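Report on one structure; see the data block that follows.
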């Protein structure tokens, strides 16, 4: 993108910025939660964002979901997945899993058994709301392997973008990954590097900083430098998220830019059940307890990978 076309893009301004605090989650896992916290309860269509750190012996044993999609992006280590329908999979660094819980699923997510002592599995998990009419759909998966993700460079090689979902610098991702339209871009920016990343008009957008420090906002006006583990939410107006790293920075920065189409519906959440009214929460809880309406296969089911924690 030339400087001339970049200057015509109206920058998205920062609405909110805060550091994601570390907390315990699952069985012995640690997460930095950036959505689903008091500062940002939800940000339609996004319900939760966890930056997870899971050591061998810890993990997320058998648990249910209903009414949302989850996007898991593995950054380091290895994570296994198993559900009550007999689906099993393994994610390695750079791999993703798009899971639609729909009417109901019970699964486990655990570190791969071949990890070295002390090696953590690290990644991001994003929960995305489903449009009300799709909340009762059949569960489904789409695994995206690292080699399927297009990579593009910008600013003379100072910026590298993994186009997981969406479009960057004219390069388009694999399509039909999730029901709710979401863009997910993984950027590495060298000192002195900059990019104006377009985001779809009217979509909600945020940045989460994985490493280093970045400057966001209007490059000629209201901008802000944010560091590692920072969550930055943008105003809805504007064409592009402007990202730069200062010339004198000691290291490269790594961040994700995420954007999604807002859903005009109520969010009622009880743990892993995401519905649109209180009655549907009671129904979800009852269905799970009685193994009915999508949870039939949960009766007497235990994951093999979850059993590893108990032995």
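Numbering (the working numbering), first residue to last: 59 to 369. Heads up, the beta-carbon is just placed ideally off N, CA and C, and yes, glycines get one too. These numbers were taken from a predicted model, which means no experiment stands behind them.
Report the CB separation of residue i from residue j in whole angstroms; it is logged as a contact under 8 Å.
i, j, result
"residue 127", "residue 237", "6 Å"
"residue 299", "residue 257", "6 Å"
"residue 208", "residue 319", "In fact, because the Cβ distance is near 22 Å, the residues do not count as touching under 8 Å."
"residue 105", "residue 132", "The Cβ separation is near 20 Å, so there is no contact."
"residue 71", "residue 297", "At roughly 12 Å, the Cβ-Cβ gap does not stay under 8 Å, so residue 71 and residue 297 are not in contact."
What three-state label does DSSP hand residue i in the structure shown?
i, result
"residue 232", "coil"
"residue 215", "helix"
"residue 333", "strand"
"residue 355", "helix"
"residue 62", "Confidence is the limiting factor: at residue 62 the pLDDT is only 41, short of 50, which leaves the residue's position unreliable, though a coordinate-based value still follows. Note: residue 62 maps to helix in three-state DSSP."
"residue 325", "coil"
"residue 79", "coil"
"residue 348", "helix"
"residue 342", "helix"
"residue 148", "strand"
"residue 281", "strand"
"residue 173", "coil"
Looking only at DSSP bridge pairs, what is residue i linked to?
i, result
"residue 266", "289 and 314"
"residue 168", "138"
"residue 298", "69 and 256"
"residue 129", "156 and 184"
"residue 245", "219 and 313"
On the DSSP letters alone, give me the boundaries of the alpha helix (DSSP H) that residue i sits inside.
i, result
"residue 364", "362 to 365"
Could you tell me the boundaries of the beta strand (DSSP E) in which residue i lies?
i, result
"residue 111", "104 to 112"
"residue 201", "198 to 202"
"residue 119", "118 to 123"
"residue 87", "87 to 93"
Pick from the options: whose alpha carbon is nearest that of residue i?
i, options, result
"residue 167", "154, 161 and 140", "140"
"residue 285", "261, 296, 314 and 297", "314"
"residue 250", "107, 304, 326 and 348", "304"
"residue 88", "242, 159 and 80", "80"
"residue 326", "339, 320, 317 and 316", "339"
"residue 389", "247, 212, 252 and 75", "Residue 389 lies beyond the residue range present for the chain, which begins at 59 and ends at 369; the question has no answer from this structure."
For residue i, would you say it is in contact with chain D, using Cβ-to-Cβ distances shorter than 9 Å as the test?
i, result
"residue 199", "Judged by its chain identifiers, the structure shown contains no chain D, having just a single protein chain."
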